[in-house]
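**Student:** Numbers 1 to 369, taken from our numbering, label the letters of the sequence shown in order. Starting off with a structure, shown below.
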Amino acid sequence: MKSFEYGDEKISDKEIMIALPSIVLGVGILSLPKDLASVTISSDGWIGILGGGVIAILITWLLAKLAVKFPNQSFFRFTSVVLSKPVAIIVSLLFAAIWLNVTAFEVRRIADVSKQYLFDSTPVEVIALSFLLVVVYAVSGSRAGLFRLNMMFLPIILFIALAVLVFNIRWFDPNQLLPLFKTDIQGYIKGMHAGVTSYAGFVIVLFYIGLVDNPERTPKLAAYGMCIPVVLYIILFVMCIGVFGHAATTNLIYPTIELAKGVEIPGGFLERFESVFFVIWIMAIFNTTSMALDIVVLCLNSIFTKTNKIKIVILVAPLVYAIGMFPQNIMEVSTFGSTTIDLALIYTVLIGLILFVMAKIRGVKRGAK
1 MKSFEYGDEK ISDKEIMIAL PSIVLGVGIL SLPKDLASVT ISSDGWIGIL
51 GGGVIAILIT WLLAKLAVKF PNQSFFRFTS VVLSKPVAII VSLLFAAIWL
101 NVTAFEVRRI ADVSKQYLFD STPVEVIALS FLLVVVYAVS GSRAGLFRLN
151 MMFLPIILFI ALAVLVFNIR WFDPNQLLPL FKTDIQGYIK GMHAGVTSYA
201 GFVIVLFYIG LVDNPERTPK LAAYGMCIPV VLYIILFVMC IGVFGHAATT
251 NLIYPTIELA KGVEIPGGFL ERFESVFFVI WIMAIFNTTS MALDIVVLCL
301 NSIFTKTNKI KIVILVAPLV YAIGMFPQNI MEVSTFGSTT IDLALIYTVL
351 IGLILFVMAK IRGVKRGAK
């Protein structure tokens, strides 16, 4: 069968806006309420989400402002202009290595969660391989096609999240949210750290704005796009605390899924709503993993220009699988994931700052090639 090709690989600024929440809303949202409740008191974790969200929105806007200075240019190309080609090769290789590990983490985490809630008799290795093959198939095709999948999936994902929240309102106890503002400064800092790392997907603005035809409005729309997960995370966290209480939320591995398990549809025609929720949420994790792997391919393809994209995907996929299967238990997976996301966040901000400063020092003008 001949693969379908889009007429071009261009995308719109609205697709960037949709892609940002799509890559952010991955496996992290399943355990985020627990992570925040573990370091804060009562319902104070929402402050970490909001503070981290404001920082993430600002970083997203600044990175987008940097990228639009070089319209219709790839990350590798404008980095070569600002920092020189040899440095751009090193920077891109490090980005590829980091996001290779992010992809591996996403694949392993979705396999672990699927085994726990859906396929308890299926080996983790089989689940991970099956999911990875679907992601590989998606990334091997049109890059613009990935963005169109985001636009199709995101409304469905937001609808199912809203359904979970609505059907849990009757169990919500506002008294569970009290007392307020009892967390110390260190707790707020840890909460903000957990919040910021949950938005690490903003890196995509560096790599995909070059595909936008008219990127003048892209920084503003990218900032709007980051507002979606911020609002959703705050509502979800408050709902978990209001339904389960602080102590129970701290001890639940995946509070978001437990919220879905508590849903009771009137009439009793759907008794296991969490299965529907999880199947839909796989779409979100698919979006995140596909774009993470595509960043790896994009970086490597920019360096090895004569190598076919599909060959790169085929060579990279076994590495993703091997790295994802290396952690031996859930604690090692969590440590691997938190370390990798921290590294991705720090590296992205550092490179963005260096590019900003060097572009100013060297007097690189808009559209320079």
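Positions of the beta carbon are idealized from the N, C-alpha and C atoms, including for glycine. Quick caveat, the model's predicted, so the values are computed rather than measured.
(1) In this structure, how does DSSP classify residue 41 when only helix, strand and coil are distinguished?
(2) Determine the DSSP secondary structure at residue 253, reduced to helix, strand or coil.
(3) In terms of alpha-carbon separation, which member of 253, 336, 242 and 214 lies closest to residue 170?
(4) Would you decide whether residue 5 is buried or exposed? Buried here means 16 or more other CB atoms lie within 10 Å of its CB.
(5) Within its chain, find whatever has a CB closer than 7 angstroms to the CB of residue 296; leave out the 5 residues flanking it on each side and keep chain order.
(6) How about residue 344 and residue 218: are their beta carbons less than 8 angstroms apart?
(7) Would you say the beta carbon of residue 222 comes nearer than 7 angstroms to a heavy atom of the ligand FMN?
(8) Rounded to the nearest angstrom, what separates residue 7 and residue 66 at their Cα positions?
(9) Do residue 290 and residue 138 have their CB atoms nearer than 8 angstroms?
(10) How many angstroms separate the CA atom of residue 363 from the CA atom of residue 18?
(11) Going straight from the alpha carbon of residue 15 to that of residue 147, what length do you get?
(12) Taking 8 angstroms as the cut-off, decide whether the C-beta atoms of residue 60 and residue 192 are in contact.
(13) Can you check which of these residues, 277, 220 and 187, is closest to residue 209 by C-alpha distance?
(14) If the criterion is Cβ atoms closer than 8 angstroms, does the pair residue 135 and residue 348 meet it?
**Tutor:** Reading from the atomic positions:
(1) Note: residue 41 maps to coil in three-state DSSP.
(2) The answer is coil: DSSP assigns residue 253 none of H, G, I, E or B.
(3) Residue 170 has its Cα closest to that of 242, out of 253, 336, 242 and 214.
(4) Low per-residue confidence applies at residue 5: pLDDT is 48, beneath 50, and the placement is therefore not dependable, though the value from the model is reported in the following sentence. Its Cβ having fewer than 16 others within 10 Å, residue 5 is exposed.
(5) Result list for residue 296: 96, 99, 100, 103 and 316, in chain order.
(6) No, Cβ-Cβ distance for residue 344 and residue 218 is not below 8 angstroms.
(7) For the ligand FMN, the structure offers nothing, since it holds no ligand at all.
(8) Bear in mind that a pLDDT of 47 at residue 7, under 50, signals an unreliable position, so the number given afterwards is only what the model happens to contain. The straight-line gap from Cα to Cα measures roughly 28 angstroms.
(9) In this structure, residue 138 lies closer than 8 angstroms to residue 290 by Cβ.
(10) Cα to Cα, the separation comes out at about 33 angstroms.
(11) Answer to the nearest angstrom: the Cα atoms are 6 angstroms apart.
(12) Not a contact, by the Cβ cut-off of 8 angstroms.
(13) With respect to the C-alpha of residue 209, the residue from 277, 220 and 187 having the closest C-alpha is 220.
(14) Not in contact: residue 135 and residue 348 (Cβ atoms no closer than 8 angstroms).
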